[in-house]
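Inspection log for the structure reproduced underneath, given as structure tokens.
In the numbering used here, the protein residues as written are 1399 to 1550.
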């Protein structure tokens, strides 16, 4: 009997929230650390059955960062990265990024003890993340973020 062959997909879909607030006319976004390697990232995860991608992104933001607010129905952009899975192999992920206007930051949330967080400008955020695709997205957001008419 032949062994089954595992064929890895070209890429898998993930979703992310881009939590933001406006402070004194300046946009600030929220970065969090990844649990395993402590890298600065956006709240992100896998799509959830029964939820739209935007609602799943909002759920990730609440679970990973304790932030709540209206989320754009349309993604701002996307980026690709290599995700290291728990069994050691890597998979290419394509991440759709949904802006989330933060109106509440909870004192307690699911992953509070697992992550650090930092509010920063888009420029500062681009310098903090080590993923090239996310860095490029944040750099392009510096030019378009204030003028994009998101549907919330």
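The beta carbon of each residue, even a glycine, is placed where N, CA and C say it ideally should be.
Note that this is a predicted model, so its numbers are computed, not measured.
How many whole angstroms separate the CB atoms of residue i and residue j, which I take to be in contact at a CB cut-off of 8 Å?
i            : j            : result
residue 1498 : residue 1459 : 5 Å
residue 1517 : residue 1428 : 6 Å
residue 1525 : residue 1477 : Going by Cβ atoms, the distance from residue 1525 to residue 1477 rounds to 16 Å, so no, they are not a contact pair.
Express the C-alpha separation of residue j and residue i in angstroms, rounding to a whole number.
i            : j            : result
residue 1522 : residue 1487 : 31 Å
residue 1436 : residue 1448 : 30 Å
residue 1446 : residue 1456 : 11 Å
residue 1411 : residue 1466 : 23 Å
residue 1416 : residue 1450 : 16 Å
residue 1454 : residue 1513 : 19 Å
residue 1471 : residue 1485 : 34 Å
residue 1418 : residue 1479 : 22 Å
residue 1535 : residue 1489 : 20 Å
residue 1442 : residue 1424 : 24 Å
residue 1541 : residue 1463 : 26 Å
Could you pull the start and end residues of the alpha helix (DSSP H) that residue i belongs to?
i            : result
residue 1541 : 1530-1542
Which class does residue i belong to by DSSP, given the choice of helix, strand or coil?
i            : result
residue 1520 : helix
residue 1460 : helix
residue 1435 : coil
residue 1482 : strand
residue 1443 : strand
residue 1426 : strand
residue 1448 : coil
Which residues bound the beta strand (DSSP E) around residue i?
i            : result
residue 1490 : 1488-1499
residue 1419 : 1410-1421
Could you please give me the residues that DSSP links to residue i through a beta bridge?
i            : result
residue 1465 : 1503
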